[in-house]
Amino acid sequence: MEVRFWAATDVGRTRDHNEDNFLVDKKLNLFIVADGMGGHAAGEVASSVAVREVRRVLAERRDVVEGFVNEESAVGRQQLLRLIEEAVQTACGRVFELAQENAERRGMGTTLSLLLVAGRRGFIGHVGDSRIYLARTGQVHQLTEDHSLINELIKRGRLKPGDAFDSPYKNAVTRAVGVYESVEVDTFDFDVLPGDNFLLCSDGLSCYIDDEITQAYLSGENIKEIPDRFIRLANESGGKDNITAVVVRAVAAVEEESKRRVTEVRYKLDALRASPLFKYLGYKGLVKVMNITDSRRLKAGEVVFEEGARDDAFFVVLEGKVRITTGGVTLAELGSGSHFGEMAMVDKAPRSATATVVDDAKLLIIQRQQFYELMRRDPVMSVKLMWSFIQVLNTRLRMTNAELMSSRETIDVLRRHQVGGVVAEMPALDPNVAAVGALPVDVTDELIPGFLFAESEAGGTDPLLRVDAERGTDGAAGQDAEG
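Using my numbering, you'd call the opening residue of the sequence shown number 69 and step up by one each time.
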């Protein structure tokens with residue numbers, strides 16, 4: 069896959085010097101935006117040093133990047149994510165060290181958002197409120213979360229998005245590279261697909277754009293014109309800060325192979341989105357879940373697991389059909405988007421049913437340990453997943469209660485139709501009551517707390533512009549909230 073890019077920066081209309089920095093490295097496919105802060109030009113020093121240090125560390129460990137490109141693996145992904153975190157931490161330590169050497173630079177720091185394209189995957193390292201956007205198939209997704217006080221107040225319900233513009237905290241960041249000796253770094257990886265467009269930018273641009281503008285500009289044919297168009301827009305809108313835009317575009321090398329990959333990734337995401345367990349996750353959350361899945365193709369008649377077996381995985385049906393049986397009785401037949409085996413996530417009990425492939429199937433498999441690790445790293449996502457899980461169990465409990473009542477009525481009928489103390493005929497169960505155990509149930513909408521829609525992965529719209537994003541505490545909300 070070929071990567072094309074272009075970048076530009078501008079001082080804006082109100083500042084007298086530019087504290088933004090960016091880097092594009094064609095050999096590494098590395099792209100960075102940094103927005104410095106601190107008096108006496110210290111911000112310019114912080115952003116410049118941070119960008120150089122990150123590139124130096126990644127260049128010195130190029131073997132890790134090349135090893136992953138040559139042979140993609142889960143281990144290689146984790147090594148590369150750790151390397152990115154190490155690079156940002158090294159930059160943080162260096163900026164902090166320089167600040168301690170000069171009293172006028174004490175407290176200087178910088179945001180830093182980087183995108184590394186390695187083979188068919190993208191890797192992100194992020195600190196602060198600069199942003200990385202992905203424009204894919206007509207939709208815009210913000211891949212980074214703002215580490216800002218404004219964002220924290222909005223997420224906690226203490227500030228309405230429409231009030232953010234007048235807030236005295238609108239320029240305060242909660243994380244920065246170099247203010248302290250170390251910093252918490254957000255890292256994340258995902259599939260890069262042909263046709264993907266990325267925008268890395270400082271907040272001097274992001275405060276003026278929304279999803280519609282971002283999509284329209286990134287779809288421009290001449291990539292060299294796009295950064296300048298973004299900068300012109302920001303300046304015409306006020307230019308209140310330094311403005312930096314780096315645009316990256318993924319282009320297919322082999323057309324047929326690229327179409328297959330695009331279809332496969334979309335299909336997986338659509339299947340996860342269709343599952344009630346992942347109902348409240350936005351795009352970034354679905355990608356995180358997809359990252360921990362394995363896939364398996366099975367022929368009709370193959371057994372996924374047997375009743376009484378012990379394992380630690382649950383399954384999502386990508387294609388085909390799976391039959392769930394217990395004691396030879398069919399409980400359900402599950403198609404694309406359905407899930408089964410989820411109780412293995414919460415207990416170690418033997419399987420209560422047998423799962424058998426009816427039509428040739430492709431399954432996504434999620435192991436318990438990876439699932440736990442994902443929730444440990446992302447508490448907001450954890451709450452959303454647990455709430456969905458509770459709702460699924462609640463629905464099944466209600467169905468079980470309904471079946472129990474039907475069974476009691478059946479027993480009463482049996483007692484009235486006994487002949488000499490022996491049942492003469494077994495009346496059929498209520499045909500409207502389905503057997504339960506592994507049913508393709510949907511999540512109920514009886515109560516949807518507002519916290520399920522915390523803006524930890526908003527769309528491309530800046531909080532200052534998101535005036536219409538207020539949500540009630542118990543009502544359904546928009547589609548792109550994230551964990």
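Ideal Cβ positions, reconstructed from N, Cα and C, are used throughout, including at glycine.
In this text, all values refer to a predicted model and were calculated from it rather than measured experimentally.
Residue i versus residue j: straight-line alpha-carbon distance, rounded
i	j	result
residue 209	residue 454	24 Å
residue 340	residue 480	43 Å
residue 371	residue 333	26 Å
residue 410	residue 456	12 Å
residue 155	residue 78	26 Å
residue 395	residue 377	14 Å
residue 183	residue 281	22 Å
residue 475	residue 137	59 Å
residue 423	residue 403	13 Å
residue 106	residue 172	9 Å
residue 385	residue 434	12 Å
residue 397	residue 389	17 Å
residue 358	residue 329	14 Å
residue 291	residue 267	11 Å
residue 76	residue 314	7 Å
residue 70	residue 321	6 Å
residue 114	residue 176	6 Å
residue 204	residue 335	14 Å
residue 374	residue 421	7 Å
residue 401	residue 478	25 Å
residue 432	residue 443	18 Å
residue 285	residue 391	48 Å
residue 223	residue 366	43 Å
residue 214	residue 352	14 Å
residue 102	residue 426	53 Å
residue 206	residue 72	19 Å
In DSSP terms, what residue i is bridged to
i	result
residue 100	91 and 182
residue 433	362 and 383
residue 216	241
residue 266	202 and 316
residue 189	186 and 259
residue 371	424
residue 70	319
residue 177	105
residue 338	According to DSSP, which records beta bridges pairwise, residue 338 is partnered with nothing at all.
residue 254	194
residue 346	Partner(s): none; residue 346 has no beta bridge.
residue 439	DSSP output for residue 439 lists no bridge partner at all.
For residue i, three-class secondary structure by DSSP
i	result
residue 505	Bear in mind that a pLDDT of 42 at residue 505, under 50, signals an unreliable position, so the number given afterwards is only what the model happens to contain. Coil.
residue 75	strand
residue 377	coil
residue 389	strand
residue 195	strand
residue 353	helix
residue 289	coil
residue 332	helix
residue 111	helix
residue 105	strand
residue 309	coil
residue 84	coil
residue 415	coil
residue 499	Bear in mind that a pLDDT of 43 at residue 499, under 50, signals an unreliable position, so the number given afterwards is only what the model happens to contain. Looking at residue 499 - three-state DSSP - the assignment turns out to be coil, as it is neither helix nor strand.
Residue span of the alpha helix (DSSP H) that contains residue i, given as start and end
i	result
residue 135	130 to 138
residue 297	294 to 304
residue 482	447 to 484
residue 400	Premise fails: residue 400 lies in the beta strand (DSSP E), 397 to 402, not in any alpha helix (DSSP H).
residue 281	279 to 286
residue 160	142 to 169
residue 271	271 to 274
Residue span of the beta strand (DSSP E) that contains residue i, given as start and end
i	result
residue 208	207 to 210
CB contact below 8 Å: residue i versus chain D
i	result
residue 170	In the displayed structure, chain D is absent; only one protein chain is listed.
Inter-residue CB distance, residue i and residue j (contact presumed, cutoff 8 Å)
i	j	result
residue 159	residue 127	No, residue 159 and residue 127 are not in contact; Cβ-Cβ is about 13 Å, not under 8 Å.
residue 83	residue 310	6 Å
residue 261	residue 191	Residue 261 to residue 191, Cβ: 15 Å. No contact.
residue 237	residue 211	Incorrect: roughly 24 Å between the Cβ atoms, too far for contact.
residue 245	residue 143	Wrong, their Cβ atoms sit about 28 Å apart, outside the cutoff.
residue 343	residue 430	Contact doesn't hold; Cβ gap of about 15 Å is too wide.
residue 253	residue 157	7 Å
residue 133	residue 186	5 Å
Contact test: residue i Cβ vs the ligand COA heavy atom, cutoff 7 Å
i	result
residue 327	Summarising the ligand content, the structure contains no ligands, and the ligand COA is consequently not present.
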